[in-house]
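Below: one structure, written as structure tokens.
Shown next as structure tokens:
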């Protein structure tokens with residue numbers, strides 16, 4: 011390459027065509043719900059404009075390539091290790107990314123990270139109109155200013171500086187009471203904060219999973235256990251308005267490693283849209299065989315009622331499995347009651363599902 | 011494993027769940043046409059019952075895992091190197107595979123390979139009722155017996171013993187005139203017989219791509235250039251009847267490396283179903299940008315009309331690309347006339363397509 | 011392909027060269043010991059000559075491709091589900107594989123699986139001279155006949171028919187006392203028999219890990235958690251004699267998922283040959299940084315002495331990691347005492363190692 | 011992640027250990043020569059301090075992870091699109107990367123890109139002491155200042171602005187005569203400049219292959235056809251002095267896609283160190299079989315003398331192949347004369363090698 015260009019991703023060759031490493035977008039497979047689009051979102055990341063290591067346009071291109079629908083660049087207001095080398099303005103990373111986002115059809119959300127030691131910790135304010143207005147020292151004043159811009163506010167990575175310091179505290183209570191706290195980031199990069207999930211469930215706060223990435227992403231082999239930590243937002247439409255509305259309504263799920271954390275009202279239809287059971291393929295005196303297709307990115311783990319003990323079934327991601335169930339040799343097969351042990355609707359509370367076997 | 015079981019592929023674990031290498035089916039991505047199912051078929055392969063190296067059930071499981079819809083096991087009648095060790099019967103590989111095919115919902119076609127030195131060469135007869143009836147020495151008598159069973163007959167790998175010996179010859183002419191030749195296998199494993207493609211086009215014979223596999227398949231990383239050689243059959247339904255009817259009607263395409271060979275009447279709608287152009291994402295004085303989604307397994311290569319010289323565009327398989335086109339700054343964008351240089355509807359004859367850019 | 015040939019693996023092309031899926035051998039990375047070759051062996055597998063699904067030559071080619079040094083084909087004497095279709099002779103799978111083994115430089119060990127319900131279970135006898143002599147009904151007589159051929163005898167997959175049935179029993183005691191039991195297969199395919207490891211350790215029986223494969227192998231992406239279950243044999247030379255001598259001396263380790271099971275006397279030098287610590291790369295008031303290279307196929311897990319609590323370190327396979335240790339700012343760095351928690355020299359007994367940091 | 015830290019690559023976990031995507035270094039496989047280390051170098055790349063998109067430390071970490079020995083960050087002096095947002099100083103990207111380079115044992119070379127329209131084009135000056143001294147408008151004065159610092163000077167990507175503009179011209183001649191031109195970058199990212207290779211060969215200028223990367227690297231699946239474009243430098247030791255000395259002596263080769271470009275005196279011993287032929291494994295009346303191990307990253311292509319026509323052989327990278335040669339049934343096998351068609355020692359001039367078959 012000779013000069014850096016956003017256009018380097020354009021799939022036009024003059025000769026022998028493109029190398030296999032060409033810049034392309036590959037979709038993340040989570041189906042839409044009957045009445046909602048399933049948006050794949052990462053709403054927490056950094057650039058060189060705070061302590062990140064990439065230029066803002068890189069975040070858009072990564073998102074496009076990795077199949078995301080929406081991102082927020084949330085550079086710190088208060089932590090600026092590059093300030094000797096850079097002329098920092100708090101809206102600049104958003105502005106620099108805007109054109110690329112339009113070109114690549116990525117919903118770009120304006121936001122910042124409010125950065126304090128724990129407690130109270132870090133908070134993201136997104137859907138802001140002017141990030142710079144949040145540059146003030148008084149902790150609660152910052153949130154008032156964010157609220158005046160109708161911001162969506164998330165408590166980030168609660169357990170980051172240790173479980174003891176990262177407890178739900180006075181600041182959280184006060185912000186919650188003032189309706190200035192809308193979500194908890196229960197998953198951040200490689201970490202999951204088990205203590206924080208019930209805090210969100212009890213108060214009906216949205217749950218978020220975010221990368222909080224500072225480095226460039228590498229497009230390594232992506233597996234159910236090894237992917238960018240994301241938030242699924244179930245929105246009526248793929249627009250900034252749709253996204254915002256759905257987030258304030260708590261219609262989110264956090265996707266972390268091979269698990270989803272969310273609410274029954276979204277995870278149940280997501281499961282139903284993801285899993286398809288075939289008619290019976292084979293039947294013997296005490297068993298029947300079906301194919302089960304799993305259309306999502308999770309290796310779905312089921313614990314199903316069995317004769318003596320529960321049966322464990324794994325449905326690998328984006329694939330069809332052959333599964334055998336206990337069943338009498340004749341008569342319509344009974345539906346199977348199962349717990350989806352990696353779709354969690356509360357602490358240690360798996361989603362309950364009923365697998366119907368269609369007639370052929 | 012302690013005993014060999016077809017059931018080893020059943021995705022049921024008693025404890026920690028399945029390893030990532032679990033037996034699953036992954037679909038091959040070629041979309042259906044508006045009025046036809048796109049069936050992925052391999053109609054030429056061998057087992058230990060002739061000179062292959064696997065038991066017949068292996069062929070079914072491979073097909074299931076690799077996303078195929080239909081296979082024919084076509085063991086040789088005349089070449090039986092394992093006959094000292096095996097008690098060969100000509101219908102046996104089909105019979106042994108039948109149960110697995112039913113369990114895995116694979117269309118299993120009965121067939122054999124008629125095996126002579128070139129000329130005249132090897133021929134497959136499929137959709138037979140009794141393979142054993144073809145065990146006779148007289149060359150034309152074999153085909154009469156196949157015809158009496160309404161077999162579909164393919165001339166296999168024409169260039170196998172050299173281009174000189176593999177020419178269209180007297181036997182081919184005679185079989186064609188007697189309506190006992192319905193297809194040419196223009197692609198066989200790693201080989202493509204460029205000379206044979208026009209022979210098929212001129213006589214409206216179906217074109218086939220087959221693996222002719224003798225060894226076990228390995229599920230290595232599959233890329234557009236490196237996959238099992240297959241035939242796409244465009245059938246009104248996914249049944250043996252649907253398959254057979256479509257093949258006799260010539261509704262096939264051969265998928266070999268990163269190319270498709272077929273007829274305009276099937277490749278044009280396949281292209282249309284595979285490629286989706288987005289509304290304009292960006293516009294400048296002389297260019298516009300669109301996203302183009304490619305839903306099929308081929309890195310599609312386009313040669314599009316340009317101002318001075320044709321522009322080459324590559325659309326990587328199962329991905330979305332950003333593409334820039336020359337265009338004036340205003341007015342509705344013109345559709346783009348392109349040649350799909352790896353969808354071939356005749357020797358050196360690329361499919362012609364017209365890419366429309368939708369209004370947003 | 012037109013005919014099945016062992017030569018299909020020969021890397022000779024007539025034109026554009028070989029496809030990336032060409033048949034090649036890739037080495038398994040476990041270093042040799044100072045006084046022993048580290049042989050990668052799978053001594054338990056099946057072919058169509060008992061209940062396997064591949065022709066014997068396939069087993070040799072798989073071994074070559076996958077980087078093995080030695081295999082034993084161990085078809086059942088008593089369980090012959092293909093006998094209607096095949097003319098079974100008990101030495102035949104060995105004989106058919108011999109030429110390929112010579113061509114591919116694989117040590118081919120003659121053997122069989124003695125097949126009884128549990129208890130007493132299945133046993134492999136290898137290094138036999140004539141498999142057919144073991145075809146007799148009397149259980150102990152079989153072992154006498156094996157012993158007369160100086161066979162090496164392994165108790166296979168102890169827990170296969172349930173932990174209750176798979177206990178060390180009278181038969182095992184009797185065989186052990188008669189010196190007709192030399193090893194226990196503590197790892198078989200996906201299973202590890204934790205109960206059986208102490209039985210081997212206490213009696214100084216060799217420990218084996220075997221695939222017991224019946225199906226064809228697929229060369230999928232191989233990771234530390236997902237590979238063919240193997241036995242490492244530490245032999246003075248890479249010959250059948252070297253292999254045999256080392257096995258009778260108990261110089262083995264079982265490689266199962268991301269763990270090794272063996273003896274201190276072999277695992278300690280294997281660790282030392284696999285791991286290399288660099289001089290100090292950086293030093294601060296209380297820490298130092300080193301690079302650590304891991305030359306083997308295991309993601310090595312260390313639990314090292316720390317100030318307050320043990321520190322966990324992971325050294326990914328075939329890679330170099332940067333590791334930080336607590337250390338004063340001056341003076342020669344102290345060696346670090348660690349437990350290798352996935353190199354097990356007894357039940358729950360990790361290998362103890364001492365990591366020295368070389369002076370630069 | 012909560013804060014950006016160079017230490018995020020440290021392989022220390024507090025709990026379950028590291029994810030498979032952990033930051034590790036994997037070596038590039040090109041063997042050392044009998045009297046030289048084979049250093050893998052990328053001496054042309056950019057950061058946010060000119061028109062690149064990453065912070066300087068990212069370049070070091072990428073190099074470490076990808077197995078490189080040396081890099082030069084060569085930000086433009088004259089092209090500074092980020093200057094509104096950044097406080098640019100010409101030595102700053104080097105200074106910011108220095109600590110990381112020391113920690114990760116990467117040789118970091120100070121340098122800049124001298125940026126003019128073609129002709130004369132772009133030039134890299136490396137091994138500088140003070141980049142800022144090159145910030146002057148007079149073209150030849152820049153080179154005098156570089157020369158006073160004993161810089162190594164490369165003409166970059168000759169064909170970048172078209173073959174016509176990128177010809178060897180007056181500036182090149184004048185610099186060459188003043189001994190201010192030491193190398194030509196004949197490979198740059200995806201491009202190879204066939205016209206430029208003879209210009210280097212005729213004048214004994216070193217040949218370089220460089221990434222000229224502006225974006226972050228992605229660690230995608232790396233294959234012989236798809237890797238970072240690099241320069242191999244054959245140096246007496248792995249130090250900055252060793253590197254510099256070897257470069258001035260022209261001891262380099264450019265590695266681009268599946269090809270090496272260099273001189274006979276380095277490529278011949280590199281081939282010899284990479285390729286190992288086994289003793290004869292099998293012999294028939296007119297052929298013999300050997301295994302050939304290829305220890306380097308290139309799918310080596312050989313064209314060997316045959317009876318009637320040359321035989322083409324491909325030896326896949328980092329693997330062992332089985333190869334059959336024509337040979338009489340008895341007598342010592344003759345060495346085989348071959349051309350290595352992708353080790354090029356001049357335009358269309360393959361390296362000549364002689365493959366000896368050792369006695370067993």
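Protein chains in written order, with my numbering: chain A, 11 to 370; chain B, 11 to 370; chain C, 11 to 370; chain D, 11 to 370. No residue lacks a Cβ here, since even glycine has one placed at the ideal position from N, Cα and C.
The segment 174-226 of chain C is shown to contain whole alpha helix (DSSP H) runs of 4 or more residues at 180-187, 206-213, in chain order. Burial check for residue 94 (chain A): the Cβ neighbour count within 10 Å stays below 16, so the residue is exposed. For residue 289 (chain B), no chain C residue has a Cβ inside 8 Å of its Cβ, as the nearest lies near 38 Å away.
In this structure, residue 122 (chain D) and residue 100 (chain D) form a Cβ contact; the two beta carbons are roughly 6 Å apart against a cut-off of 8 Å. Interface residue (Cβ-Cβ distance to chain B less than 8 Å): residue 68 (chain A) is not classified as such. Contact annotation: residue 133 (chain B) and residue 166 (chain B) have beta-carbon atoms nearer than 8 Å.
About 19 Å separates the beta carbons of residue 355 (chain D) and residue 346 (chain D), which is beyond the 8 Å limit, so they are not a contact pair. For residue 67 (chain A), the enclosing alpha helix (DSSP H) stretches over residues 66-75. Annotation for residue 281 (chain B): the continuous alpha helix (DSSP H) segment containing it runs 274-284. Taking CB atoms only, residue 338 (chain C) has no neighbour in chain D less than 8 Å away. Contact annotation: residue 114 (chain C) and residue 65 (chain C) have beta-carbon atoms that are not nearer than 8 Å.
Within chain A, no C-beta atom comes nearer than 7 Å to that of residue 145 (chain D); the closest sits roughly 17 Å away. Secondary structure in the segment 60-148 of chain C: the beta strand (DSSP E) runs of 3 residues or longer, each lying completely within the stretch, are 80-83, 117-125, 132-136 in chain order. The Cβ atoms of residue 314 (chain B) and residue 284 (chain B) do not sit closer than 8 Å to each other. In the structure shown, residue 356 (chain A) adopts extended strand secondary structure according to DSSP, grouped into three states. Interface annotation, residue 228 (chain B): in contact with chain C, CB-CB separation under 8 Å. Among the CB atoms of chain B, none fall inside 8 Å of the CB of residue 164 (chain A).
Closer than 8 Å to the CB of residue 96 (chain A) there is at least one CB belonging to chain D. Residue 331 (chain A) counts as buried, since at least 16 other C-beta atoms from the protein chains shown sit within 10 angstroms of its C-beta. Here DSSP, grouped into helix, strand and coil, assigns residue 246 (chain C) to coil.
At a Cβ-Cβ threshold of 8 Å, residue 290 (chain A) and residue 221 (chain A) do not count as neighbours. Across the structure, residue 351 (chain D) and residue 359 (chain D) are spaced so that their CA atoms are roughly 8 Å apart.
Neighbours of residue 64 (chain C) across chain B, judged by C-beta separation under 8 Å: 63, 64, 65, 68, 226. Contacts between residue 330 (chain B) and chain A, judged by CB atoms closer than 7 Å, involve 34, 35 in chain order.
In summary, residue 126 (chain C) is exposed, with fewer than 16 beta-carbon neighbours lying within 10 Å of its beta-carbon over all protein chains present. Annotation for residue 186 (chain D): 213 place their beta carbon closer than 7 Å to its own, counting only its chain and skipping 5 residues before and after. Less than 8 Å separates the beta-carbon of residue 238 (chain C) from that of residue 76 (chain C). The segment 46-57 of chain B makes contact with the segment 238-253 of chain B, as at least three CB pairs between them are under 8 Å. For the options B:304, B:130, B:366, the alpha carbon positioned closest to that of residue 36 (chain A) is the one of B:304. At the C-beta level, residue 144 (chain B) and residue 135 (chain B) come within 8 Å of one another. For residue 199 (chain B), the closest C-alpha among the options B:180, B:181, B:183, B:224 is that of B:224. The residue among A:262, A:269, A:137 with its C-alpha nearest the C-alpha of residue 276 (chain A) is A:262.
For the segment 293-316 of chain C, residues whose beta-carbon sits nearer than 9 Å to a beta-carbon of chain D comprise 299, 301, 302, 303, 304, 309, 311. Residue 104 (chain A) counts as buried, since no fewer than 16 other beta carbons sit within 10 angstroms of its beta carbon.
Within the segment 94-119 of chain B, contact with chain C at the beta-carbon level (separation under 9 Å) is assigned to 94, 95, 96, 97, 98, 99, 102, 106.
Sorting A:335, A:58, A:190, A:367 by C-alpha distance to the C-alpha of residue 97 (chain D) places A:58 at the top.
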